[in-house]
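Number of protein chains: 4
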Amino acid sequence: MTQQARQFARRPSLGVAVIGTGAMGADHVRRVDRLISGAHVAAVADLDPERARRLADTVDGCVAYADADEALAAPGVDAVLLASPGPAHEEQLLAALARDLPVLCEKPLTPDAESALRVLEAEQKLGRRRIQVGFMRRFDSEFRRLKRLLEGGTLGRPLLMHCRHRNVRVHDYFTTSMLINDSVVHEMDCTRWLLEQEIAAVTVVRPRPSSLAPEGLEDPQVVLFETAGGAVVTVEMFATSGFGYQVQAEAVCERGTARIGEGHDLLVNSRAGWGGEIPQDFIARFADAYDLEVQEWVDAARADRTTGPTAWDGYAAAAVCAAGVEAQRTGRRTEVELVERPDLYA
Amino acid sequence: MTQQARQFARRPSLGVAVIGTGAMGADHVRRVDRLISGAHVAAVADLDPERARRLADTVDGCVAYADADEALAAPGVDAVLLASPGPAHEEQLLAALARDLPVLCEKPLTPDAESALRVLEAEQKLGRRRIQVGFMRRFDSEFRRLKRLLEGGTLGRPLLMHCRHRNVRVHDYFTTSMLINDSVVHEMDCTRWLLEQEIAAVTVVRPRPSSLAPEGLEDPQVVLFETAGGAVVTVEMFATSGFGYQVQAEAVCERGTARIGEGHDLLVNSRAGWGGEIPQDFIARFADAYDLEVQEWVDAARADRTTGPTAWDGYAAAAVCAAGVEAQRTGRRTEVELVERPDLYA
Amino acid sequence: MTQQARQFARRPSLGVAVIGTGAMGADHVRRVDRLISGAHVAAVADLDPERARRLADTVDGCVAYADADEALAAPGVDAVLLASPGPAHEEQLLAALARDLPVLCEKPLTPDAESALRVLEAEQKLGRRRIQVGFMRRFDSEFRRLKRLLEGGTLGRPLLMHCRHRNVRVHDYFTTSMLINDSVVHEMDCTRWLLEQEIAAVTVVRPRPSSLAPEGLEDPQVVLFETAGGAVVTVEMFATSGFGYQVQAEAVCERGTARIGEGHDLLVNSRAGWGGEIPQDFIARFADAYDLEVQEWVDAARADRTTGPTAWDGYAAAAVCAAGVEAQRTGRRTEVELVERPDLYA
Amino acid sequence: MTQQARQFARRPSLGVAVIGTGAMGADHVRRVDRLISGAHVAAVADLDPERARRLADTVDGCVAYADADEALAAPGVDAVLLASPGPAHEEQLLAALARDLPVLCEKPLTPDAESALRVLEAEQKLGRRRIQVGFMRRFDSEFRRLKRLLEGGTLGRPLLMHCRHRNVRVHDYFTTSMLINDSVVHEMDCTRWLLEQEIAAVTVVRPRPSSLAPEGLEDPQVVLFETAGGAVVTVEMFATSGFGYQVQAEAVCERGTARIGEGHDLLVNSRAGWGGEIPQDFIARFADAYDLEVQEWVDAARADRTTGPTAWDGYAAAAVCAAGVEAQRTGRRTEVELVERPDLYA
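Chains as they are written, first to last, in the working numbering: chain A, 11 to 356; chain B, 11 to 356; chain C, 11 to 356; chain D, 11 to 356.
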């Protein structure tokens, strides 16, 4: 038995069925196929079978289905990623639970609290958690740093949080209630996760809408949460800001405040002044670069191509280093000597 | 034949041999094993066979070798990642070229220009590029943004570049010439890559060393490059800064300057003022969060665990949304109604 | 008649009576005496005659009075600066109006709207405006820049404003209502001034107070204004932040947002990205430095002292310039030649 | 004898003669006349008598002279501010020393080291320092904060300094040597002042000039200083940057670095991270606003005008406060009641 065979026998790659092949679903297919370690796209399903088929064709070993149920039952399917419209979630979640499959479900879990409760009941009947909801901010490095800081406790209890949530523009079908259900829902989850408290009450204050918002859309809005523990959260929701996508948060605690999402590292105000942390080593600073370096090298190797800095670059660096050490030794300007560049590295 | 079998028949996972199992090699093993899509660690090798074995034991299907040559010849090895000490590189690179294997070689290519030339010759004899050198900054998102900006040409021709390269401290064995060979070598590669010009001359200016630098280490230093195209680059190399790891660069061009590495997004000075770009959509802003969300979900599913936001979180969000939409409609503070939290989600 | 006599005959220095000699009054006395051009402190008054006398003794030609009325009637008094406690303002303002004297009145005008109306009536009876209220933020360079930007109209109509107002701590006598009357009153004035609209309604949302706030002080609070034109303003009022004094504001407009008070220049988010303006000449950048340079030189000359860079500094600069021009010409490192430093410049 | 008379008898206003009435001289005349406390412009002089006369006409009690000597000898002249061209300085400085007058001399002291030495000798013969050279950066709040930080010693000994000096553009008559004599001379003085060491050697490195620099101007340049104490200073001098006026400096010390001139408060890198100080009280934050408030009030009062927030603004604030305290007490949205705005405050 070869080493590789033994590996897959012991820890097989996870076969994922992606349900829904719109923009979000297609992006997840690309992600699982190209970036995620230990998983592959085994099946896709969509009410539009043609769209599903076209997507499946881009992935080795992926089969298209017109029906979510069929995809869940397909050979090699170990887990489900739901990227279908919200109203389809309840039925698909129940089907996945019936098969005891792990599910990653794009938000919302379901479109309302009643249907969500039915899903909760099914999962409790199963007796173990199988569903993860796609509140992706919990995986963002900035939000995680803020979470860790709050958990660490140096700033004391959080008293207030200020959030800003701005989009450039919205689709034609966007409505005022979607400002809450589609957009502010992220701040609701962040509040619950960061403060580890349920939200007890909501208030909405509406300014005169922007003249640039579509007719009928009351944008922007100020939304206030009061949590069970007495914290107050202010949310600026501005879906037609016109200038950019910004998600910002500042936690105001008893001993200081911490801000994220402003184009710079986590910024803390405290007795020590304003500022943040400096990375202490190159691995922290360049971790993502190392990951990408190796991923691009693997991708190129599998396609029998090369990419990135060449042996010529390695040689040139060595020649410049030699001049640098000489310059260091003599205190003098030192010229670099290079052989002529071979055609292979043109 | 199943779909999955067909997939691996068509596009097999890349079997990587990692040579050298010190800190860097071990980190690459973890990376290939856990994060990289489409590759697995098939073999490791180290002069210290015990260290290699211990590392191999952490990876399914990975075999340890005491000899790099053996590892290169092992079954299932498709590519080589060299993380061994620089003096070992020449022989290992030549061995990999002899087997026509793609190589990712941690810098330096080799310790001096003469040996690097011999590697170049072997690769030319092979007739195609097989070697990638590990200058990882070329894969860093900030450096890539700077590169794209310079290529775009809006700022005009680069005239100067200012670099800062600071470490917290150095190992006992660090020497003054290593300031060039181990550290400034990165600025040499960045200069060549960003400006697309060879470096023609180097000058080193040494201040009176820091009293906190180890005896005999002349740190910090100012290094100047002059490029073939007439640009001048200043480098502050400060290996014993005591406070952090900072890699910063500012390109000064005919129509503006651009800076990276300062804890905030790429900052441009131009006729339009100082500032930078705002992301235009949530995918740009949260791309990494989506990747991590799916990776952590896959990792948990393969280990038969769950992680991340639960169905309860999905239900609570739905309930708060309902209150929010009611508050929006009535203009009044609205209380949130939640069922009692089931034990499963405690 | 000498030139100088003629000057003062034509445009006399303004004789100011400062009423109230607590911390604020004493600071204003110092300001008028040392920094303000065209004015001098002619009189001070305080219920504590000893404190007034001690302050008067620090200023040439200043006389102390125990009674505000006497000070207003004193010879050489042309204008009044009220730094007395708020409850004393009504009577003192009416006295100043009776004498037709210009008044700068530290806020509040009076402690409540009824008494303020009586002052308004007296001023209307006088028939011209004589009273300026001390809302000093209108004179702050950052607030002025924000005001100009909003007036310029490039960002469109202001929809929202977010304010933060943080103090390190409060005095023992500070009460919850003083959070409004003493602190948020500044945001009230800024809102009215920046948006050029009256405030139509106020809402206060109180989180569970900080455990570090004194017993009985409900701090922090979130205060909401709705303006006559439909803008909404959120104010974080946090008087016991423990870390610093911060006054921040962000105006959210139809085409972008603008922020001040964050330790950097006015920051605009707009279609062009995030960022701000770069000064275009040295006068803009160093205007304050020129003012201070001349003021310190004048102060030194009047005291028959010298200060600032000496002739030796001028000589040394000339010698280094000579070396610099030589280095520029030859391309070589050039040593600077200086004579020995004379004792006069030791 | 009145109080005011006694004041001027004891501490008279300083009569300043401004020599040179170009842009710089005219700006100083305005400054002394309008902003500086305790001084007035008694005389101006210029080789162009008509320009001098026009400027004198804008200032009460100021007399114009065609000859600097005459201006120095004029009645009421107590001090001299030299804003004439550099080549005229030597003679004018010697004349001022002959009359024992305090001098503020715009840089350069004189155009070369030899003439500067003659001035030094005359001042030594006089036996006391009378000359201050106009290196205005020493009076800039950012440079002063950096100076204080370096003197405080927490960052240890300065090892390096990095300076950037950028202009938008230059006049037609600007030459390559003026890059040193007119521009980098400021960095020379800053280096000497901040590091308290003489500059021992200068090196200039010239990149290929910007294609946007005027024909014959070799801009930008990199200038290096080595100080007597072994510090190294790098200066980017870029007079035709096209985008703005920027003067930036970073001192790199044994225990951290500190940066100024980047559009935000002094930024320190140290073991504590990156960041800066937060002001601790409103006086620190709004000191300049208070100064300007009082100056504008005095200017208005002397011109029999009013400016700034009116009594109506004071009344409106009181009315909004009343609503705020009510909202705070009841927890409810509270409407503000205002009387109709009187015509006087329209």
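Beta carbons: idealized from backbone N, C-alpha and C, even for Gly.
Scanning Val73(A), His175(A), His50(A), Glu101(A) for the CA closest to the CA of Tyr255(A) turns up His175(A).
Taking C-beta separations shorter than 8 Å and ignoring five residues to either side along the sequence, the partners of Glu80(B) in its chain run Ala55, following chain order. Residues of chain A whose Cβ lies closer than 8 Å to the Cβ of Gly273(C) are, in chain order, Trp284. Distance from the Cα of Val232(A) is smallest, within the candidate group Leu159(C), Trp307(C), Leu170(C), for Leu170(C). When DSSP states are grouped into helix, strand and coil, Gln290(C) belongs to the coil group.
Interface with chain D (7 Å Cβ-Cβ cutoff): Ala241(B) is included. Inter-segment contact for the stretch 328-335 of chain B and the stretch 183-192 of chain A is present: three or more beta-carbon pairs are separated by less than 8 Å. For Val194(B), DSSP records no beta bridge to any residue. Uninterrupted beta strand (DSSP E) stretches at least 3 residues long and entirely within the stretch 235-312 of chain B occur at 242-248, 256-263, 266-270, 277-280, 283-286, given in chain order.
Below 8 Å, too few C-beta pairs join the stretch 344-354 of chain B and the stretch 24-43 of chain C to call them touching: fewer than three.
By alpha-carbon distance to His181(B), the top candidate from Thr250(B), Glu152(B), Ala126(B), Ala84(B) is Thr250(B).
Under DSSP, Gln231(B) takes part in a beta bridge, and its partners are Met247(B). According to DSSP, Val143(C) shares a beta bridge with Cys115(C).
The alpha carbon of Val262(A) has as its nearest neighbour, out of Gly318(A), Leu204(A), Asp314(A), Phe296(A), the alpha carbon of Leu204(A).
Contact note: Arg281(D) reaches chain B through Gly252, Phe253, using a C-beta cutoff of 8 Å and chain order. Among the residues of the stretch 306-327 of chain D, those with a Cβ less than 8 Å away from any Cβ of chain C are Glu306, Trp307, Val308, Asp309, Ala310, Ala311, Arg312, Thr316, Thr317, Gly318, Pro319, Thr320, Ala321, Trp322, Asp323, Gly324, Tyr325, Ala326, Ala327, in the order of the chain. The three-state secondary structure of Glu345(C), taken from DSSP, is strand. At least 7 Å separates the CB of Gly32(B) from every CB of chain A. Taking C-beta atoms under 8 Å as the contact rule, Val143(D) and Glu100(D) fail to qualify, at a distance of about 13 Å. Contact with chain D is absent for Gly341(B), since none of that chain's Cβ atoms lies less than 7 Å from the residue's Cβ. Two segments are said to touch when three or more pairs of C-beta atoms, one from each, lie closer than 8 Å; by this definition the stretch 206-221 of chain D touches the stretch 236-250 of chain B. Its chain contains Ser23, Leu24 as the residues whose beta carbon lies nearer than 7 Å to that of Gly48(B), once the 5 sequence neighbours on both sides are disregarded; these appear in chain order. No Cβ of chain A is located within less than 7 Å of the beta carbon of Pro224(C).
For Thr213(C), the beta-bridge partners assigned by DSSP are Leu234(C). When C-alpha distances from Glu287(B) are compared across Lys135(B), Asp298(B), Arg269(B), the shortest belongs to Arg269(B).
DSSP places Leu354(A) in no beta strand (DSSP E); its state is neither H nor E. Of all residues in the stretch 109-133 of chain D, none is placed with a Cβ closer than 7 Å to any Cβ belonging to chain A. Under DSSP, the beta-bridge partners assigned to Leu91(D) are Val28(D), Leu114(D). Per the C-alpha coordinates, the member of Asp70(D), Ala105(D), Leu45(D) positioned closest to Ile29(D) is Ala105(D). The beta-carbon separation of Pro112(B) and Thr316(A), rounded to 7 Å, stays under the 8 Å limit for a contact.
Straight across, the Cα-Cα distance linking Lys157(C) with Gly285(C) is about 17 Å. Interface criterion met: the Cβ of Glu345(D) is under 7 Å from a Cβ in chain C. Glu272(B) counts as buried, since at least 16 other C-beta atoms from the protein chains shown sit within 10 angstroms of its C-beta.
Here Ala76(C) carries a coil assignment [DSSP, helix/strand/coil].
The beta carbon of Leu136(A) lies closer than 6 Å to those of Leu107 in the same chain, with the five residues before and after it left out.
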